[in-house]
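These notes are about the structure you will find just below.
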Amino acid sequence: MQWSPAKLFLIIRDILFPPCCAACQTRLFAPAGDRLCHDCLESIRLIEPPVCTVCGRPFHSPQGTGHICGQCIKNPPSFDTARSVFQYQGSVRTLIHRIKYNDDGHALRSLSSLSMEYMLPDHLKPDMVIPVPLHSKRLRKRGFNQSLRLARTIFPHIPLGMDILTRTLNTKPQTELSMKERLRNVRNAFEAASCLPEGVETILLVDDVYTTGATVRACAKALKRIGVKEVHVFTVARTVIAHP
Numbered sequence: 093m094q095w096s097p098a099k100l101f102l103i104i105r106d107i108l109f110p111p112c113c114a115a116c117q118t119r120l121f122a123p124a125g126d127r128l129c130h131d132c133l134e135s136i137r138l139i140e141p142p143v144c145t146v147c148g149r150p151f152h153s154p155q156g157t158g159h160i161c162g163q164c165i166k167n168p169p170s171f172d173t174a175r176s177v178f179q180y181q182g183s184v185r186t187l188i189h190r191i192k193y194n195d196d197g198h199a200l201r202s203l204s205s206l207s208m209e210y211m212l213p214d215h216l217k218p219d220m221v222i223p224v225p226l227h228s229k230r231l232r233k234r235g236f237n238q239s240l241r242l243a244r245t246i247f248p249h250i251p252l253g254m255d256i257l258t259r260t261l262n263t264k265p266q267t268e269l270s271m272k273e274r275l276r277n278v279r280n281a282f283e284a285a286s287c288l289p290e291g292v293e294t295i296l297l298v299d300d301v302y303t304t305g306a307t308v309r310a311c312a313k314a315l316k317r318i319g320v321k322e323v324h325v326f327t328v329a330r331t332v333i334a335h336p
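The numbering of the sequence shown is my numbering, which starts it at 93 and goes up by one.
Here is the structure:
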């Protein structure tokens, strides 16, 4: 049997540097396309229908069809739709933390590979993808924007808007705030460019995690102010509150 130089390189690499799970770091003894071990793959939970047709919140009952949830009827969001691929738990949560706080390229490639299996609805044809921006101070401290990296790797075929949306307020981290506090925290935190590139009407806004939606609501509101007709939100994961 003869191997190509590329195949031979991969064999030698795996012998010298055995591959490990991108989440738990367990050594992988068999090829794993998604770079995760069996246990970590088994811990992944998808956001499955039925979901709210606007915000994408999954309904407790697995029966029935999607419809608008009570929260979106009472307080319509500034974005048009929001969808997430995974529940924010298990190995997905670990991968996001490794990307966000450790600049882990191995975790980024693994999570992006899993997320790329998600297909946008046929009717959704975004003109541009925009990552949720970090404030300049936080960007300097962290050194990168995880939402930008996810947007680039998951949607490489869609033009990337780098200077359309900026974060003008260095707000508190959202993690320990209530829904009302989160909404106040990011109010007027984002500004959009004075004008849009020609032909850009539909935006795909990308972030890592959807918790309450406060951040993407604020981003969508800023984009709608400058004439964006539709803002659709994509997040890799979503916090799902367990029902009793």
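Every residue gets a Cβ at the ideal spot worked out from N, C-alpha and C, and that includes glycine.
Residue i burial status per 10 Å Cβ neighbour count (16 or more: buried)
{"i": "T118", "result": "exposed"}
{"i": "P336", "result": "Per-residue confidence for P336 stands at a pLDDT of 42, beneath the threshold of 50, marking its modelled position as unreliable; no derived number is given."}
{"i": "N237", "result": "buried"}
{"i": "F121", "result": "exposed"}
{"i": "R190", "result": "buried"}
{"i": "M220", "result": "buried"}
{"i": "G156", "result": "exposed"}
{"i": "Y193", "result": "exposed"}
{"i": "R232", "result": "exposed"}
{"i": "G253", "result": "buried"}
{"i": "R234", "result": "exposed"}
{"i": "C116", "result": "exposed"}
Three-state class that DSSP yields for residue i in the structure shown
{"i": "T186", "result": "helix"}
{"i": "P336", "result": "Note that P336 scores 42 on pLDDT, short of 50, meaning its location in the model is unreliable and no value can be drawn from it."}
{"i": "S202", "result": "helix"}
{"i": "I222", "result": "strand"}
{"i": "S176", "result": "strand"}
{"i": "C144", "result": "strand"}
{"i": "R309", "result": "helix"}
{"i": "R317", "result": "helix"}
{"i": "H227", "result": "strand"}
{"i": "H152", "result": "coil"}
Check whether residue i and residue j have beta carbons under 8 Å apart
{"i": "S207", "j": "S135", "result": "no"}
{"i": "S176", "j": "A329", "result": "yes"}
{"i": "I296", "j": "I250", "result": "Sequence check: residue 296 is Leu here, not Ile. Going by C-beta atoms, L296 is nearer than 8 Å to I250."}
{"i": "H227", "j": "N280", "result": "no"}
{"i": "V298", "j": "S202", "result": "no"}
{"i": "I318", "j": "S286", "result": "yes"}
{"i": "A114", "j": "G148", "result": "no"}
Strand pairing of residue i, partner residues [DSSP]
{"i": "L138", "result": "F178"}
{"i": "F121", "result": "DSSP lists no partner for F121."}
{"i": "C112", "result": "R119"}
{"i": "V323", "result": "I295"}
{"i": "P213", "result": "Its beta-bridge partners do not exist; DSSP assigns none."}
Test: residue i CB closer than 8 Å to a CB of chain C
{"i": "I295", "result": "Going by chain labels, chain C is absent from the structure shown, which holds only one protein chain."}
For the region 231–307, list the beta strand (DSSP E) runs that are entirely contained and at least 3 residues long, ordered along the chain. 257–259, 282–284 and 294–302
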